[in-house]
Amino acid sequence: VQENCTIHMFPGVTVRLEPDAHIGHGAIIHGAHVGRNCLVGMNAVLMDNVVLGEGCIVGALAFLSADSVWEPRQVIVGNPAKAVKTVSDEMLAWKSEGTRLYQQLPAELHATLKEVEPLREVPKDRPPITANYVNWKERQEGQK
């Protein structure tokens, strides 16, 4: 569950996020069931009693109406939401890899976290900050 998400429900209703569900920045999950290995895009809204089947990918800003039930491995977009295609094996691999990377972040943070004093100015000899990971596109290009 990324930053600025809202997970909420009415009394007596359960929100369920199955293993490897990935909830994007700013999404709202209101009394919904998100299946195993689903991705809910940034700022998407899942209303009461929505059920996402395993491996669904919900696009950013999609609005899934209350009581809607979605078959496994559907790409769901729009307002109102509709399934536009089936999640391919390649798309599911991309999603799974992204979730795996996000799941590693807390352990990496705790392993490397240390107390620091604030800088009053940037040191002149400070080396540039570089990324120490390969994103999905770079990984795919490296396999060609």
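Note that the sequence shown covers residues 14 to 157 in the numbering used here.
Virtual Cβ for every residue (Gly too), placed ideally from N, Cα, C.
Of the listed residues the options, nearest to residue i (C-alpha basis)
i             : options                        : result
proline 32    : Asn56, Gly66, Leu59, Val58     : Gly66
valine 97     : His21, Gly72, Ala45            : Gly72
valine 26     : Thr19, His46, Ala40            : His46
alanine 57    : Gly48, Val64, Phe76, Arg49     : Phe76
glycine 48    : Gln87, Trp107, Val147, Ser78   : Gln87
asparagine 62 : Pro141, Ala79, Leu74           : Ala79
threonine 19  : Tyr115, Ala124, Lys137, Ile41  : Ile41
glutamate 103 : His21, Gly44, Lys150           : Lys150
leucine 118   : Trp107, Leu132, Asn145, Pro141 : Asn145
leucine 30    : Pro24, Asn17, Gly44            : Gly44
valine 147    : Trp107, Glu16, Lys95           : Trp107
According to DSSP, residues forming a beta bridge with residue i
i                : result
phenylalanine 76 : Val58
threonine 19     : Ile41
arginine 133     : Looking at the DSSP assignment, arginine 133 forms no beta bridge with any residue, so it has no partner.
isoleucine 89    : Val71, Ala96
valine 82        : Val64
arginine 49      : Arginine 49 pairs with nothing; no bridge assigned.
arginine 29      : His46
isoleucine 36    : Val53
For residue i, the first and last residue of its enclosing alpha helix (DSSP H)
i             : result
lysine 150    : 149-155
threonine 112 : 102-125
Terminal residues of the beta strand (DSSP E) in which residue i lies
i             : result
threonine 158 : This structure gives no information on residue 158, because the portion of the chain shown stretches from 14 to 157.
histidine 63  : The sequence shown places valine at residue 63, not histidine. That residue, valine 63, is in no beta strand (DSSP E); it is neither H nor E in DSSP.
Presumed contact (8 Å Cβ cut-off) between residue i and residue j, rounded CB distance
i             : j             : result
proline 93    : cysteine 69   : In fact, because the Cβ distance is near 16 Å, the residues do not count as touching under 8 Å.
methionine 55 : histidine 38  : 5 Å
valine 64     : valine 53     : Contact flag wrong, Cβ pair sits at about 13 Å.
glycine 111   : histidine 35  : 7 Å
serine 109    : asparagine 50 : 6 Å
proline 22    : valine 14     : Checking the sequence shown, residue 22 turns out to be methionine, not proline. About 15 Å separates the two Cβ atoms, so there is no contact after all.
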